[in-house]
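Chemist:
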Amino acid sequence: MNNIIKRKYQKYFEKFNDVITEIPQQGWIKTIREIFGMTTCQFAKKINVSQPRVINIEKNEKNLKISTMERIADCLNCKFVYAFIPRENIDKVIYNQAKKKAISILKKVNRNMELENQSVQSDEILEDIIKDLLNDNITRIWDNE
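So for the sequence shown, the working numbering puts the first residue at 99; every next one is plus one.
In structure tokens:
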């Protein structure tokens with residue numbers, strides 16, 4: 099992904115961090131229904147299901163299909179938002195993964211070098227490996243060895 103697109107999404111993610119991202123204890127569906135002053139029977143008619151189904155929906159909100167959530171949101175005149183928001187800055191996530199990979203590579207090299215009494219331990223070498231991983235083929239940082 100090029101840097102322009104990465105920066106664009108990082109700005110989006112930062113905006114999301116300023117928005118409410120915690121799920122209400124009783125779930126979004128029940129919370130919105132109650133805010134609108136709707137009974138479960140009224141809500142059931144609105145979304146075209148039975149009243150016991152509404153209770154089940156509200157209890158099991160986390161197990162609903164995305165298409166069901168979208169349909170319910172639409173019936174409530176709400177926007178349904180589905181997103182993955184990185185917990186840290188994108189560049190930091192990528193750098194930390196590259197560092198893990200670089201440490202793994204350096205350990206392998208050192209195992210081989212120790213056989214010849216030539217092991218290397220250096221923060222500069224580690225940083226060089228990280229830079230190479232980030233510049234040459236970034237997808238390698240996610241490979242398991």
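Even glycine gets a Cβ: it sits at the ideal position worked out from N, Cα and C.
Keep in mind that this is a model prediction, so the values were computed, not measured.
Taking DSSP as the reference, what is the three-state secondary structure of residue 184?
Modeler: Working through the sequence shown from its first residue, we reach residue 184 at position 86. Note: residue 184 maps to coil in three-state DSSP.
Chemist: With the cut-off set at 8 Å, would you say residue 239 and residue 108 are in Cβ contact?
Modeler: For the purposes of this step, residue 239 is identified with residue 141 of the sequence shown, where counting begins at 1. For the purposes of this step, residue 108 is identified with residue 10 of the sequence shown, where counting begins at 1. No, Cβ-Cβ distance for residue 239 and residue 108 is not below 8 Å.
Chemist: Taking 8 Å as the threshold (beta carbon to beta carbon), is residue 137 in contact with chain B?
Modeler: The question asks about chain B, but that chain is absent: this structure has only one protein chain.
Chemist: Determine the closest residue to residue 194 out of 172, 180, 176 and 224, with distance taken between C-alpha atoms.
Modeler: Reading the sequence shown from its first residue, position 96 is the one you call residue 194. Nearest option by C-alpha distance: 224.
Chemist: Buried or exposed: residue 152, going by 16 or more other Cβ atoms within 10 Å of its Cβ?
Modeler: Walking along the sequence shown from the start, residue 152 turns up at place 54. Classification of residue 152: buried, given that the 10 Å Cβ count is 16 or more.
Chemist: Rounded to whole angstroms, how far is the Cβ of residue 111 from the Cβ of residue 184, which I believe are closer than 8 Å?
Modeler: As a first step, residue 111 must be located in the sequence shown, where it is residue number 13. As a first step, residue 184 must be located in the sequence shown, where it is residue number 86. That belief holds up - the Cβ atoms of residue 111 and residue 184 are roughly 6 Å apart, short of 8 Å.
Chemist: Is it true that the segment 119-130 meets the segment 153-166, where meeting means three or more beta-carbon pairs spaced less than 8 Å apart?
Modeler: yes
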